[in-house]
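Engineer:
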Amino acid sequence: MDKDKRKIRILVAKPGTDSHYKGAELLCQILRNAGMEVIYTGRYQTSEMIVNAAIAEDVDVVALSSLAWSQKAYYTEVARMLKERGAGDICVVGGGIIAESDKPALLAAGVTGLYGPGTPYQEMIDHIVQRVKKDRWHEN
Amino acid sequence: MAKKEEKKKEEIILDRSKDRIIKMQTESGFEPKPSYGPDDLKGWDYARDLGNDGEFPYTRGMYPGMYRNLLWVSAQVLQRETIEKSRAEQEVIWMGGAPVFYYGAGDVNRTGLDPDHPLAKYDAGYCPEFYSLERMGRALQGISMESGIFQFHGASSQLDDTMCVAQLAAVAEKRGVDKAKIRGSCINDPIDNMATAFSIDFPFEMSMRLHGDLTEYIVREMPTYSPFSPIAYDLWEAGCTIVQQLGIGMCSLTAYNQIAVDRGIPFDQIGRRATIGMASSMDFFETVCMIRAARRMWARIAKERFGANDPKLCRLRIAIRTPGQTLTRQQPLINIARVAFQALAAILGGASAMDYSSHDEAVGIPSKEARMVTLAMNHIIAQETGVGLTADPLGGSYYVEWLTNKLEEEATKLMKKIDNMGGILKVAESGWLRQLVRNARDERQAALDKGEQIQVGMNFFRQGEEPPYPQYEFEDMDKVQAELFAEVKNLKENRDIKKTREALLTLREKAKGTENLMYPIIEAFKADATRSEILGMIREAYGYIYDTVDMIERPEFLN
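Read top to bottom, the protein sequences are chains U and X. Using our numbering, you'd call the opening residue of the first sequence number 938 and step up by one each time. Using our numbering, you'd call the opening residue of the second sequence number 20 and step up by one each time.
(1) Taking CB distances under 8 Å as the criterion, tell me whether U:D1072 reaches chain B.
(2) Is it a yes or a no for the segment 340–356 of chain X touching the segment 291–300 of chain X, going by three-plus beta-carbon pairs under 8 Å?
(3) Taking CB distances under 8 Å as the criterion, tell me whether X:Q464 reaches chain U.
(4) My assumption, with CB atoms under 8 Å, is that X:M81 sits in contact with X:Y561. Please give the rounded CB distance.
(5) Just to make sure I have the definition right: I need the residues of chain X whose C-beta is within less than 8 Å of the C-beta of U:I1034. Which are they?
(6) Assign X:L335 to one of three DSSP states: helix, strand, or coil.
(7) Counting C-beta neighbours from all protein chains within 10 Å, is the total for X:A274 16 or more, i.e. buried, or is it exposed?
(8) Should U:P952 go down as buried or exposed, given a rule of 16 or more other Cβ atoms within 10 Å for buried?
(9) How would you call U:M938, buried or exposed, if buried means at least 16 neighbouring beta carbons within 10 angstroms?
(10) Using 8 Å as the limit for Cβ to Cβ distance, is U:Y958 near chain X?
(11) Just to make sure I have the definition right: I need the residues of chain U whose C-beta is within less than 9 Å of the C-beta of X:Q490. Which are they?
(12) For X:L138, which residues in chain U fall below 8 Å Cβ to Cβ?
(13) Determine, using beta carbons only, whether X:Q288 and X:L229 come nearer to each other than 8 Å.
(14) Does any C-beta atom of chain X lie closer than 8 Å to the C-beta of U:Y1011?
(15) How far does the beta strand (DSSP E) with X:F171 in it reach, from first residue to last?
(16) Compile a chain-ordered list of the residues in the segment 466–483 of chain X whose CB is closer than 9 Å to at least one CB of chain U.
(17) Indicate whether U:G1047 and U:G1032 have their beta-carbon atoms separated by less than 8 Å.
(18) Is X:M20 helix, strand or coil when you go by DSSP?
(19) Per DSSP, which one or two residues make a beta bridge with U:T1049?
(20) Applying a beta-carbon distance threshold of less than 7 Å, which residues of chain U neighbour X:R129?
(21) For chain U, find out if any of its Cβ atoms is closer than 8 Å to the Cβ of X:S376; answer yes or no.
(22) Whose C-alpha, out of X:E153, X:G131, X:G231 and X:G368, is nearest the C-alpha of X:K511?
(23) Between which two residues does the alpha helix (DSSP H) carrying X:F303 extend?
(24) In angstroms with no decimal places, state the Cα-to-Cα distance between X:A216 and X:G56.
(25) Short of 8 Å in beta carbon distance, which residues of its chain neighbour X:R39, apart from the five on each side in sequence? Order them along the chain.
(26) With a threshold of 6 Å on Cβ separation, who are the neighbours of X:Y563 within its own chain once the five nearest residues in sequence on each side are excluded?
(27) What separation, rounded to the nearest whole angstrom, lies between the Cα atoms of X:M20 and X:F479?
(28) Which residues does DSSP pair with X:Y121 in a beta bridge?
(29) For the beta strand (DSSP E) that contains U:I947, what are its first and last residues?
(30) Under 7 Å between beta-carbons, which chain X residues line up against U:S1007? List them in chain order, please.
(31) Find the residues of chain X that neighbour U:P1054, judging by a C-beta separation of less than 7 Å, and give them in chain order.
(32) Does DSSP put X:L413 in a helix, in a strand, or in coil?
(33) For X:Y145, return the contacting residues in chain U, with the cut-off set at a CB-CB distance below 9 Å.
(34) Does DSSP put X:S204 in a helix, a strand or coil?
(35) When you compare the CB of X:I564 with every CB in chain U, is at least one pair closer than 8 Å?
(36) Using the beta-carbon count (16 or more within 10 Å), is X:Y141 buried or exposed?
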């Protein structure tokens, strides 16, 4: 496929019992409008379910959305399980109201973005595109 | 170099570009005229449309003199990692002027899971998990249940209301407290979940059964408790306008009263407890007028539809929450101004109860300091501003009366539309209501994105990089969760399993029939059954699989 026209495949996922779905649904719209292929898991997912879906759908990115405080536990677990399953090149990004004190551990696990409320959409899109190009597609 | 020198000497032009109102519409989309006068109130009749405060149709307030005689109730939800820690911080709030035992449900509770459920493993413990009677007993320990107000306002989970009231009643019974003396309210609003999808969906027929049973139980056993309080607030938070919140809220309140009447409960027994929860928004006058219109609309519905002969049966209590949606993560301190305006509007409209957001809500869960700010804010409004000295101080303003009429008119149109489609229950079940809410949400978001709707700090007057605002620091959650899991294990291993089994199987049997389920649920809790086991039994009676999220099997002892 022509590299310039290659579409980013992204899995938007909501781990755990967090019920706030508006952010995730909005994210799906934004990413779709930015030309990405979006797959949405819906709510109430375990890390294992998310990783299975990511691998089965052969996505480039997993975007995790949660407004519960279990973000650190889930986001790092998803990143770890992807690596264990040999899919460590799938990028993991995350958003929600994320505790400042959780950010170092998340970044260390390879979970980037960490967008909070009110983040300009373009900032998220640019970040995802750059990360995929660098870490997944290994473009210069 | 010379050029630069020149530039430096240029005069600074003082920026006046922000000196204008950007959005010339009210939140519901009306375009007010430059001013209002008597011509805008043609045909308006004081006695018919307002009445005195404390008189039908209660536009000016539920009681004569309003806050002079009875101040609004102030409630503050607060929950921490353990029951003991929540309790310690709540006591400060209770003693500080908000004497309301008030827990909002956490996600695990709301979903109907026990903390040891695989989906709950990282989410459990951030809220007091009321999975067992023992937990509720501990939360209520040492509190006089005949004082203050006890409420459970989980957003849009019928299950959570059912479980929490069952536990409250069970604790009262065990302690020998007269349940008839417990005051408070529950939401008990299954339509809301269908509309906002804020919680996991329970099968609608099952939710409706739990709703009706809870209403009937409260009317019979806890007559000073409000059996339902539709949470129109959630609709606003989910994206709806004030008009939509008002119209749908009134439809729900009407539907729940009708369900109760259809079950043989005389309107006399529910009419005096009529309550609705609504959101104040940043639109000051729409908030004021929505509250006034809601009272008037309900008074007329109570009289005309339910044949209320005593005017006291036509009064509506309106509990106002200030919505988190309006708060920005940017410059969190400016949210104090937002909440203050929202609260002032609510009180000028004659709200009966106030539930404030903390200014740090977009940053994290409320800190103790932020909670103290809202508590003080409540006292400032009550004690310093003088707004409570006279009932309905804005009544009679041409604009306020015009807008009150307009909101009522538009909300009534929406109610009629819903009625013509078969009623609120039908549009809730069909998904039409949810689509309406989604569309409203998308419209609100688009207006924010385009800068048509201003949010200072976010899309207007945005400051650059800000240092992180302090967040509430949680305990070591691995430890909290380990202790919680051990507690659940201990309960499940050491209970009288025969008794538990019997109570749960009885519940399942009764759920297949038409008996009121509150009684067997209370018995099951008393026999140390847990929330997810109780839910599982009810689900199975309705022909569904045991586990809501299809991850675990029915426990062996129930086979």
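All C-beta atoms, glycine included, are put in the ideal place defined by N, C-alpha and C.
Structural biologist: Taking the structure as given:
(1) The structure shown contains no chain B; its protein chains are U and X.
(2) Look at the beta carbons and you see the segment 340–356 of chain X touching the segment 291–300 of chain X: at least three pairs across the two are nearer than 8 Å.
(3) One-based indexing of the second sequence puts residue 464 of chain X at position 445. Taking Cβ atoms only, chain U reaches closer than 8 Å to X:Q464, which makes this a yes.
(4) The count along the second sequence starts at 1 and reaches residue 81 of chain X at position 62. The count along the second sequence starts at 1 and reaches residue 561 of chain X at position 542. Not quite, the Cβ-Cβ distance comes to about 39 Å (not below 8 Å), so this is no contact.
(5) As a working mapping, residue 1034 of chain U is identified with position 97 in the first sequence. Here the neighbours are R348, A381, V382 and G383.
(6) Here residue 335 of chain X is taken as the residue at index 316 of the second sequence, counted from 1. X:L335: coil per DSSP, three-state reduction.
(7) In the second sequence, residue 274 of chain X corresponds to position 255, counting from 1. With 16 or more Cβ atoms within 10 Å of its Cβ, X:A274 is classed as buried.
(8) On the first sequence, residue 952 of chain U is found 15 positions in, with the first residue counted as 1. When all chains shown are included, U:P952 counts as buried.
(9) Numbered from 1 along the first sequence, position 1 holds the residue referred to as residue 938 of chain U. Unreliable placement is indicated for U:M938, whose pLDDT of 49 sits below 50; the coordinate value is still reported in the next sentence. It is exposed - the Cβ of U:M938 has fewer than 16 other Cβ atoms within 10 Å.
(10) Working through the first sequence from its first residue, we reach residue 958 of chain U at position 21. Among the residues facing chain X, U:Y958 is included, as its CB has a counterpart in that chain under 8 Å away.
(11) Walking along the second sequence from the start, residue 490 of chain X turns up at place 471. Contacts between X:Q490 and chain U, judged by CB atoms closer than 9 Å, involve I1034, A1036, E1037 and S1038 in chain order.
(12) Translated into the one-based positions of the second sequence, residue 138 of chain X becomes position 119. The answer, in chain order, is G953, T954, Y981 and T983.
(13) Position 269 of the second sequence, counted from the first residue, corresponds to residue 288 of chain X. Position 210 of the second sequence, counted from the first residue, corresponds to residue 229 of chain X. No. Outside cutoff.
(14) Within the first sequence, the letter at position 74 stands for residue 1011 of chain U. Yes, its Cβ sits closer than 8 Å to a Cβ of chain X.
(15) Taking the first residue of the second sequence as 1, we reach residue 171 of chain X at position 152. Start and end: I168 to F171.
(16) D468, Q474, G476, M477, N478 and R481
(17) As a first step, residue 1047 of chain U is located in the first sequence; it is residue number 110 there, counting from the start. As a first step, residue 1032 of chain U is located in the first sequence; it is residue number 95 there, counting from the start. Not a contact, by the Cβ cut-off of 8 Å.
(18) Taking the second sequence and counting its residues from 1, one reaches residue 20 of chain X at position 1. Unreliable positioning characterises X:M20 in this predicted model, as indicated by a pLDDT of 48, which lies under 50. The coordinate reading is nonetheless provided below. It is coil, neither helix nor strand.
(19) Translated into positions along the first sequence, residue 1049 of chain U becomes position 112. Paired residue(s): U:V1030.
(20) Along the second sequence, one-based indexing puts residue 129 of chain X at 110. Those are S956, listed as they occur along chain U.
(21) Taking the first residue of the second sequence as position 1, residue 376 of chain X is located at position 357. Residue contact with chain U for X:S376: absent (no Cβ-Cβ distance below 8 Å to any residue of chain U).
(22) On the second sequence, position 492 is the one that residue 511 of chain X refers to. When only C-alpha atoms are compared, the closest one is X:E153.
(23) Here residue 303 of chain X is taken as the residue at index 284 of the second sequence, counted from 1. Counting along the chain, the alpha helix (DSSP H) containing X:F303 begins and ends at F303 to E323.
(24) Within the second sequence, numbered from 1, the residue matching residue 216 of chain X stands at position 197. Within the second sequence, numbered from 1, the residue matching residue 56 of chain X stands at position 37. Taking the straight line from one Cα to the other gives about 43 Å.
(25) The residue you call residue 39 of chain X lines up with position 20 of the second sequence. Hits under 8 Å: none found.
(26) Position 544 of the second sequence, counting from 1, holds the residue named residue 563 of chain X. By the criterion of a C-beta distance shorter than 6 Å, X:Y563 is surrounded by no residue of its chain, once the five residues flanking it on both sides are discounted.
(27) Position 1 of the second sequence holds residue 20 of chain X. Position 460 of the second sequence holds residue 479 of chain X. Note that X:M20 has pLDDT 48, beneath the 50 cutoff, so the model's placement of it is unreliable and the number below is only indicative. Taking the straight line from one Cα to the other gives about 36 Å.
(28) Within the second sequence, the letter at position 102 stands for residue 121 of chain X. Answer is X:Q170.
(29) Residue mapping note: residue 947 of chain U aligns to position 10 of the first sequence, counting from 1. Element bounds for U:I947: R946 to A950.
(30) Start at 1 with the first residue of the first sequence, and residue 1007 of chain U comes out as number 70. Against U:S1007, the close residues of chain X are Y141 and D142, in the order they occur along the chain (beta-carbon pairs closer than 7 Å).
(31) As a position in the first sequence, residue 1054 of chain U is number 117, starting the count at 1. Simply R348 and A381.
(32) Within the second sequence, the letter at position 394 stands for residue 413 of chain X. Three-state result, X:L413: coil.
(33) Within the second sequence, the letter at position 126 stands for residue 145 of chain X. Chain U residues near X:Y145: A1005, W1006 and S1007.
(34) Taking the first residue of the second sequence as 1, we reach residue 204 of chain X at position 185. Three-state result, X:S204: strand.
(35) For the purposes of this step, residue 564 of chain X is taken as the residue at position 545 of the second sequence. Taking Cβ atoms only, chain U never reaches closer than 8 Å to X:I564, which makes this a no.
(36) Here residue 141 of chain X refers to the residue found at position 122 when the second sequence is read from its first residue. By the beta-carbon neighbour count (other beta carbons within 10 angstroms, threshold 16), X:Y141 is buried.
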